[in-house]
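Its first residue numbered 1, the sequence shown is counted upward by one per residue in full-length UniProt numbering.
Think of the CB as a built atom: it goes at the ideal place given N, C-alpha and C, for glycine as much as any other residue.
Below is one structure; the comments refer to it alone.
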Amino acid sequence: MDDRDLMSISRRKFLIVGAVTAAAVALPPFISARASAANAARPIKEKVSFEVNGKQQSLDVDTRTTLLDALRENLQLTGTKKGCDHGQCGACTVIVDGRRLNSCLSLAVMHEGSKVTTIEGLGSPDQLHPMQAAFIKHDGYQCGYCTPGQICSAVAMLGEIRDGIPSHVSPTLTDQPQLIASEFQERMSGNICRCGAYSNIIDAISEVTEVSV
């Protein structure tokens, strides 16, 4: 065997060894990446218990699940609507521990032990909540998509006024806010009605205020 044959064999071995080494170096990150992707796709679930419309509920949910999706998908309470899913329209408003909340912005697991009220829990077809009845009387809706959020927001908003919580239009921070249209308009500004039934909504709220005072 001459020197050229030895050189050819050495070159061949070098290429084989190099290819095997490159594959060995590249394989672990590839396997690790696939394992990481598999783990990322596997949801992390957690149990959460809260009261919804007077009934105790216990759910095993993905920790990324919003309160809105838990209500709609897990409990089939579809009266609460998904609008913008960014907390900008108010269609998803529910009442949590007496205060209104954009349920699309809050994770379900954050509400362990909370008391949640949706539009289904305010009244029934046979016994409407006064706010529901007033919305019907004053045509406080057109398409009706935003109406559940509007009603829940209106009910909780009146509670905020009675609790003395001021708004941007309240004359002072210490005096009791008044149950007047300008307060209602400011406090309901986070609930959008694309049909433009705002004046009728304020009329409905005003009637409930007069009856309940």
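Its chain contains L59, V61 and A108 as the residues whose beta carbon lies nearer than 7 Å to that of A70, once the 5 sequence neighbours on both sides are disregarded; these appear in chain order. Its chain contains L67 as the residues whose beta carbon lies nearer than 6 Å to that of S106, once the 5 sequence neighbours on both sides are disregarded; these appear in chain order. Going by DSSP, S182 is part of the alpha helix (DSSP H) stretching over A181 to R187. For V116, the enclosing beta strand (DSSP E) starts and ends at K115 to T117. An exposed status is given to L173, since fewer than 16 other beta-carbon atoms sit within 10 Å of its beta-carbon. The beta carbon of L101 sits closer than 8 Å to those of L67, T93, V94 and I95, all from its chain and outside the five residues before and after it, given in chain order.
Rounded to the nearest whole angstrom, the C-alpha separation of C104 and Q176 is 31 Å. For the options N191, Q142, P130 and C89, the alpha carbon positioned closest to that of S206 is the one of P130. The three-state reading of DSSP puts V109 in helix, counting H, G and I together.
CA-CA distance, C152 to C195, rounds to 18 Å. Comparing alpha-carbon positions, the option among R187, G54, D97 and C146 lying closest to C89 turns out to be C146.
With a contact defined as Cβ atoms closer than 8 Å, V52 and V116 qualify at about 5 Å. Looking at the DSSP output, I95 shares a beta bridge with R100 and T117. Annotated three-state conformation of K55 is strand, per DSSP. DSSP, reduced to helix, strand and coil, places V155 within a helical segment of the structure shown.
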